[in-house]
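*Asks:*
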Amino acid sequence: MSFIKKFIEQETINRRNLLLASAYGLSGAAALRMFGAGAAHAAVENPTIAWSYRDRTNPYWNYIVYGGEAFVESLGLPKSALVNLINEGSSEKSLADVKALLAKDGNKVALAIDANDAPNCRPVVEAVAAAGAHVSTIWNKTDDLHPWDFGDNYVSHMTWSDEGPAEQTARILFDAMGKKGGVVHLGGIASNNPAVERLNGLKNALKDYPDIQLLDAQPADWDTQKANQIMASFLTRYGDEIKGVHCANDTIAYGVLEALRAEGIEGMPVVSYDGNERAVELVAKGEILATVFTNPYWGGGITAALAYYATIGAFKPSDEPHEHREFYGPTILITPKDALDFKAKYLDTNPTYDWKDFWGPSNGPIQYKS
Amino acid sequence: MLTQDNLQKWAPLLVLVVLVVFFTAVNPNFLSIRNFARIAIASTPALMIAVGVTFVILMGSIDLSMEGSVAVCAVLFATFFAALGGSLAGPGLLAVPATLLVGAVFGAINGLVHVKLRIPSFMASLSMGFVGIGLSLLITGGDRILVEDPLFRSLLTVRLGGFPLMTYVAIVALLAGWFIQNHTTIGRNFYAVGGGEDLAHASGLNVNKVRVICFLIAGVFYALGAMLAVAQIGIAETVTGRNLMFVSITSVVVGGTALWGGSGGVWNTLIGVLIVNVIGNGMVVIGLPSYVQDGVLGLLVITAVYLSTDRRSLSFVK
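Quick note, the sequences are listed as chains A and B, same order. Start counting the first sequence at 1; every next residue gets the next number (our numbering). Start counting the second sequence at 1001; every next residue gets the next number (our numbering).
(1) Does the CB of B/Val985 have a neighbour CB from chain A at under 8 Å?
(2) Mind listing which residues of the segment 218-243 of chain A have their C-beta closer than 8 Å to chain B's C-betas, in chain order?
(3) Report the three-state DSSP secondary structure of A/Asp354 (helix, strand or coil).
(4) Any residues in the segment 153-179 of chain A with a beta carbon nearer than 8 Å to a beta carbon of chain B? Which ones, in chain order?
(5) State buried or exposed for A/Ile366, treating a residue as buried only when at least 16 other CB atoms are found within 10 Å of its CB.
(6) Please name the residue in A/Ser91, A/Val98, A/Ala110, A/Lys108 whose C-alpha comes closest to that of A/Asp372.
(7) Between which residues of its own chain and A/Arg122 is the CB-CB distance below 6 Å, once the five residues before and five after are set aside?
(8) Roughly how many whole angstroms lie between the Cα atoms of A/Pro351 and A/Lys345?
(9) Cα separation between A/Pro78 and B/Thr1250?
(10) If we cut at 8 Å on Cβ distances, does B/Ser1290 have a partner in chain A?
(11) Which of the three DSSP states is assigned to A/Pro48 in this structure?
(12) Please state the DSSP three-state secondary structure of B/Ile1033.
(13) Please list the residues of the segment 1019-1051 of chain B that have a C-beta atom closer than 9 Å to any C-beta atom in chain A, keeping them in chain order.
(14) Leaving out five residues before and five after A/Gly28 in sequence, what residues of the same chain have Cβ atoms less than 7 Å from its Cβ?
(15) Helix, strand or coil: which one does DSSP assign to A/Ala37?
(16) Using a Cβ-Cβ cut-off of less than 7 Å, list which residues of the segment 247-276 of chain A approach chain B; keep chain order.
(17) What residues in the segment 109-129 of chain A have a beta carbon less than 9 Å from any beta carbon of chain B?
(18) Count the other CB atoms within 10 Å of the CB of A/His322; is the residue buried (16 or more) or exposed (fewer)?
(19) Output yes if chain A places a C-beta closer than 8 Å to the C-beta of B/Leu1155; else output no.
(20) For A/Arg371 and chain B, any beta-carbon pair shorter than 8 Å?
(21) At a cut of 8 Å, does the segment 184-197 of chain A reach the segment 158-168 of chain A through at least three beta carbon pairs?
(22) Give the range of the beta strand (DSSP E) segment to which A/Ala112 is assigned.
(23) Do you know offhand how far B/Asn1110's Cα is from B/Val1172's?
(24) Please list, in chain order, the residues of the segment 184-215 of chain A that have any C-beta partner in chain B closer than 8 Å.
(25) Among all the DSSP beta bridges, which residues are the ones paired with B/Met1128?
(26) List the residues of chain B that A/Asn62 touches, going by C-beta distances under 9 Å, in chain order.
(27) At what residues does the alpha helix (DSSP H) containing B/His1114 begin and finish?
(28) Does B/Met1137 have its Cβ less than 8 Å from a Cβ in chain A?
(29) Measure from the C-beta of A/Pro59 to each C-beta in chain B and report whether the shortest distance is under 8 Å.
(30) Hey, how far is the Cα of A/Ala127 from the Cα of B/Gly1132?
(31) In chain order, what residues of the same chain lie with their CB nearer than 7 Å to the CB of A/Phe234, ignoring the 5 residues before and after it?
(32) Can you list, in chain order, the residues of its chain whose CB lies under 7 Å from that of A/Tyr63, leaving out five sequence neighbours each side?
(33) Work out the CA separation of B/Pro1012 and B/Val1253 for me, nearest whole Å.
(34) By alpha-carbon positions, which one of A/Thr311, A/Gln225, A/Ile212, A/Gly187 ends up nearest to A/Ala176?
(35) Between A/Ile172, A/Gly132, A/Gly329, which has its C-alpha nearest A/Ala43's C-alpha?
(36) Compute the beta-carbon to beta-carbon distance between A/Gln225 and B/Arg1242, rounded to the nearest angstrom, for a pair I have assumed lies under 8 Å.
See the structure below:
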């Protein structure tokens, strides 16, 4: 049971850091006010590197953390040097954790964070800027919040545009269906941005395929069990009319495939999103026709790296153009013919990345819809 | 005779029949063996969990640990199964009794925490549920474990009379639940404790012992539900039990088992599970927009509970 021991040791260290942070809180904050302001933008050595994210029950966030750990190891530090702040889906906890860390280490914090929801990003960034620390964010941010409005302290924001890749998977699906027949979509939590974008991608592709009909689209909440039951109900409602299935992510696709397997339906075209290892294996076997990889491993590492190198003064964020401060992360389309190559390159062993190549794999500046 | 008592007794079944007729009228596809098999597959794991918690509710207690218990059982089952060769045809079969044992131990701890530490069952079981989620996360590190043995998956893929094998496993377990409830001393003691704990205690019944055994039996059913949930999608993970707390408690209550204990039973629970799953399936089949589905489910549950429980005997509802 060594993994339990290891886990407890790690958690003890994390917990201890956080407790110290809280205890140290008031005095630290006071000291900062006296001496901190003038030195806020000066280079800092050996900052605390922290990742704040939702939970560890999801392969996506696990890969984010593996990437963050790989980055701290590239600095010659142990994995445990990465402070994990887990918000468990609570924006309040997310902000409270960040404030506790800032109270302890002041401007010596290099923070990578997904702020859990868009409105929470602003208070997080403001708290970091007030302490003179540095933060890089991913996914959740309101459109009116920009890194360049905070000098050097808000280093960067990375997100992923899902509409284009979801449209590509839809086109692959429609072609496999012979460009005609009914399609159903099983989506994520209805209010989640990626869920909306992935359905929009499908709808965009539909415009070019007049003989394809979108029979139904229901939210499956990123959940395998729920997707399984909805797919079963779709089969009752539409029966043989269903010629293809468009899924908002891999965990939904697993539920769909099992619903089809239960009915003995084989060869139904299914496409998916996220590029989890299991899904890539299914793509290689042809059970899923396409999925999209967003490289959370690289995302986890590079987001921490951006915050870290800005903190130690290796580069000055405010000297960088806007497209280096708000940009899209990489998306890689995986189809049966390249699935095995992809798996060997990205999943079987994590590639060694140059964590100073901040923008190489990125995907252009963020476009806002007015 | 159509007395009020009779009506209340049969109300859950009546609700089920009305729902089936209604959904069939809107979309005739609803009334088909294939669709009933789909509903059965969705209902099977939930039925096991609901039968387990029925016993606890009969005693007037509540058990909210099922999501954690199912997570631990599912993940340990998959781990044992893989370690023992990964096939039901070989030593992998031993994973089944081992998992039932895990469920029993988890349930017994749950009961002991409730009885020995004198913590209300609501809080004790809820906390044990969190412990279970944490434990399964520790074991898996957040990853999923696949169970691909064709023999094990035949629970889903092989059909007899139109229904997959897992349905028959669930029916056998349901009969076992009915046997425990009606034909064993411990089963009758559940009713005694739920109907009037003071009286049961005064008659010399070791109420604490009954409680611990009850949680233990519930745990065995959760373990069974966990294995059927794994059979259903071939994946064991920390979120295997997600949503089962709501579905199972709702099913028990909709089926007409009183939350204050002493009346109801496993047949009520069967009807309750079917009502909840027929609603879930039917709403998609008739094409109800997704944003009204949750609201409709809530209203239908209130209606079913209103029709099926006798509140005349209650001086107040808490």
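For every residue, glycine included, the Cβ atom is placed at its ideal position computed from N, Cα and C.
*Replies:* In short, the structure shows the following:
(1) Shown here, chain B extends from 1001 to 1318; a query on residue 985 of chain B therefore has no answer.
(2) Going along the segment 218-243 of chain A in chain order, one finds Gln218, Pro219, Asp223, Thr224, Gln225, Lys226, Asn228, Gln229, Ile230, Ala232, Ser233, Phe234, Leu235, Thr236, Arg237, Gly239 with a Cβ nearer than 8 Å to chain B.
(3) In the three-state reduction of the DSSP assignment, A/Asp354 falls in the coil class, being assigned neither a helical nor a strand state.
(4) none
(5) buried
(6) For chain A, the structure presents residues 1 to 370; residue 372 of chain A sits outside this window and is missing.
(7) Leu145
(8) Using only the alpha carbons, I get a separation of about 7 Å.
(9) 48 Å
(10) Under the Cβ distance rule, B/Ser1290 counts among the residues neighbouring chain A, one pair being separated by less than 8 Å.
(11) It is worth fixing the name first, because residue 48 of chain A is Thr in this sequence and not Pro. Strand.
(12) helix
(13) So the close ones are Asn1027, Asn1029, Phe1030, Ser1032, Arg1034, Asn1035, Ala1037, Arg1038, Ile1039, Ile1041, Ala1042, Pro1045.
(14) With a pLDDT of 48 at A/Gly28, under the threshold of 50, the modelled position of that residue is not reliable, and the figure given next carries that caveat. Correct list, in chain order: Ala103, Lys104, Gly106.
(15) Because A/Ala37 carries a pLDDT of 42, less than 50, the predicted location of this residue cannot be relied on, and the following value inherits that uncertainty. Here A/Ala37 sits in helix by DSSP.
(16) Tyr254, Gly255, Glu258, Arg261, Ala262
(17) none
(18) exposed
(19) So, not an interface residue.
(20) The requested residue 371 of chain A does not occur in the structure, where chain A is confined to residues 1 to 370.
(21) yes
(22) Its beta strand (DSSP E) spans residues 109-113.
(23) 26 Å
(24) The segment 184-215 of chain A vs chain B, Cβ under 8 Å: Ala190.
(25) DSSP, once it has assigned bridges, lists no residue as partnering B/Met1128.
(26) Gly1141, Gly1142, Asp1143
(27) 1095-1116
(28) Inspection of the sequence shows that residue 1137 of chain B is occupied by Leu rather than by Met. At least one chain A Cβ lies under 8 Å of B/Leu1137.
(29) yes
(30) C-alpha separation (whole angstroms): 36 Å.
(31) Val184, Asp216, Ile242
(32) So the list reads Pro296, Tyr297, Gly300, once near-sequence residues are dropped.
(33) Roughly 10 Å between the two C-alpha positions.
(34) A/Ile212
(35) A/Gly132
(36) Going by Cβ atoms, the distance from A/Gln225 to B/Arg1242 rounds to 7 Å, so yes, they are a contact pair.
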